[in-house]
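Peer 1:
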Amino acid sequence: MKGIILAGGSGTRLSPSTDTINKHLLAVFDKPMIYYPLSILMLGGIKDVMIISTPEDKPKFQELLGDGSALGISLTYQEQSEPNGIPEAFILGEDFIGQDDVTLLLGDNIFYGQGFTTLLRDAINNHKYATVFGYRVKDAERFGVVEFDHNQKVISLEEKPEEPKSDFAVTGLYIYDNRATKFSKKLTFSNRRELEITDLNKEYLKRGQLDVQLLGRGFAWMDAGTHESLFEASEFVKITQQRQGFKLACLEEIAYYMGYMSREALYEKGKSMEKNDYGNYLLEIANRTHTEQYWESIDRNPMLGLVK
Numbered sequence: 002m003k004g005i006i007l008a009g010g011s012g013t014r015l016s017p018s019t020d021t022i023n024k025h026l027l028a029v030f031d032k033p034m035i036y037y038p039l040s041i042l043m044l045g046g047i048k049d050v051m052i053i054s055t056p057e058d059k060p061k062f063q064e065l066l067g068d069g070s071a072l073g074i075s076l077t078y079q080e081q082s083e084p085n086g087i088p089e090a091f092i093l094g095e096d097f098i099g100q101d102d103v104t105l106l107l108g109d110n111i112f113y114g115q116g117f118t119t120l121l122r123d124a125i126n127n128h129k130y131a132t133v134f135g136y137r138v139k140d141a142e143r144f145g146v147v148e149f150d151h152n153q154k155v156i157s158l159e160e161k162p163e164e165p166k167s168d169f170a171v172t173g174l175y176i177y178d179n180r181a182t183k184f185s186k187k188l189t190f191s192n193r194r195e196l197e198i199t200d201l202n203k204e205y206l207k208r209g210q211l212d213v214q215l216l217g218r219g220f221a222w223m224d225a226g227t228h229e230s231l232f233e234a235s236e237f238v239k240i241t242q243q244r245q246g247f248k249l250a251c252l253e254e255i256a257y258y259m260g261y262m263s264r265e266a267l268y269e270k271g272k273s274m275e276k277n278d279y280g281n282y283l284l285e286i287a288n289r290t291h292t293e294q295y296w297e298s299i300d301r302n303p304m305l306g307l308v309k
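Take 2 as the starting number for the sequence shown in this note's numbering and just add one per residue.
#1: Could you check the C-alpha separation between Glu-95 and Leu-196 for me, to the nearest Å?
#2: My output table needs one value for Thr-119: the three-state DSSP class, helix, strand or coil.
#3: How should Ile-198 be labelled, buried or exposed, when 16 other C-beta atoms within 10 angstroms of its C-beta is the threshold for buried?
#4: Do Ala-90 and Leu-7 have their C-beta atoms within less than 8 Å of each other?
#5: Leu-42 and Gly-4: beta carbons closer than 8 Å?
#6: Thinking C-beta only, is Gly-135 closer than 8 Å to Val-1?
#7: What residue range does the alpha helix (DSSP H) around Gly-94 cover?
#8: Note down, in chain order, each residue of its chain lying with its Cβ closer than 7 Å to the Cβ of Arg-379, except the 5 sequence neighbours on either side.
#9: Since Tyr-37 and Lys-59 are thought to touch, with beta carbons under 8 Å apart, how far apart are those beta carbons, to the nearest angstrom?
#10: Is Lys-309 helix, strand or coil when you go by DSSP?
#11: Less than 8 Å separating the beta-carbons of Ile-74 and Val-50?
#12: Select from Arg-193, Glu-163, Glu-204 and Phe-237 the residue whose C-alpha is nearest the C-alpha of Ala-181.
#13: Alpha carbon to alpha carbon, what distance is there between Lys-161 and Phe-144?
#14: Tell me, please, which residues DSSP counts as bridged to Asn-110.
#15: Between Asn-126 and Ala-287, what straight-line distance do the alpha-carbon atoms span, to the nearest angstrom?
#16: Could you please give me the residues that DSSP links to Thr-104 through a beta bridge?
#17: Which residue spans inside the stretch 134-194 form an unbroken beta strand (DSSP E) run of at least 3?
#18: Please state the DSSP three-state secondary structure of Pro-33.
Have a look at this one:
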């Protein structure tokens with residue numbers, strides 16, 4: 002399974018904050034936005050990830066994350082010159098995907114919840130064709146909407162309908178088999194002059210090969226693509242971390258827990274940032290002497306527990 006993070010676009014909804022910086026490099030409380038989708042792919046067991054961004058911003062992501070080797074993963078980068086829609090990611094990433102299946106995450110989407118790691122891993126390991134994730138929202142007309150029967154079988158998909166057939170939006174997390182690239186190449190541009198991810202999902206739906214995983218009320222899904230939602234996401238992360246004592250989307254902690262990063266490397270990373278809370282958090286983990294106590298604390302973290 003390969004992973005793709007789509008982190009391009011013009012960021013007009015966040016202007017003027019994004020006039021000189023890609024929105025996915027903006028801070029969501031104490032870390033760059035790109036950390037959140039990357040952490041999800043890492044927790045899902047995906048180690049080979051491509052980040053797609055604009056020609057101007059690609060070097061900034063490379064400077065921030067490098068080739069991923071420090072985290073025990075592989076990161077490659079691809080340019081998207083124009084924001085031509087989500088499915089273009091599979092066309093641009095054709096060589097990267099190769100013969101593998103692929104999980105795509107939008108770079109401004111944040112997921113959180115007890116058991117999410119287990120749900121994600123099960124979806125990745127057990128999917129056959131295409132899997133999308135549905136989340137109940139109050140303003141479904143702003144999203145792609147999924148309608149399903151009592152067996153959670155998808156009946157229809159609509160993009161920003163005036164009268165939604167359900168309250169469930171399709172989130173920015175998608176799992177596809179290897180045909181995603183072939184199907185994306187056959188799509189035509191919509192009235193918005195984009196290739197629509199809903200149209201790709203419909204290709205699977207008409208073959209009876211689209212599954213939906215519902216995220217219940219115990220989960221949080223945020224699209225940090227507006228000023229309001231970015232602020233709300235930062236507040237959510239701040240409050241959750243302060244209450245629980247764990248950091249969300251801490252890439253080094255995840256890498257250490259997954260066995261990709263040594264204790265020594267974790268310690269050195271923490272020392273390089275010891276003047277801030279993030280660095281001290283890494284040092285605290287690296288300095289633990291009671292391994293069993295550490296694993297027990299990990300099991301209580303909704304974003305790290307249940308990975309084992």
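A virtual CB, placed ideally from N, CA and C, is assigned to each residue, including glycine.
Peer 2: On the basis of the coordinates in this document:
#1: 16 Å
#2: helix
#3: buried
#4: yes
#5: yes
#6: The displayed coordinates of the chain run from 2 to 309. Any statement about residue 1 would go beyond what the structure contains.
#7: Counting along the chain, Gly-94 falls outside any alpha helix (DSSP H), and DSSP gives it neither H nor E.
#8: Since the displayed the chain opens at 2 and closes at 309, residue 379 lies outside it and no answer follows.
#9: Wrong, their Cβ atoms sit about 19 Å apart, outside the cutoff.
#10: At Lys-309, the pLDDT of 33 sits below 50, so the modelled position is not reliable; the number obtained from the coordinates is stated separately. Lys-309: coil per DSSP, three-state reduction.
#11: yes
#12: Glu-204
#13: 5 Å
#14: Asp-224
#15: 31 Å
#16: Gly-4 and Ile-176
#17: 145-149, 155-160 and 169-177
#18: strand
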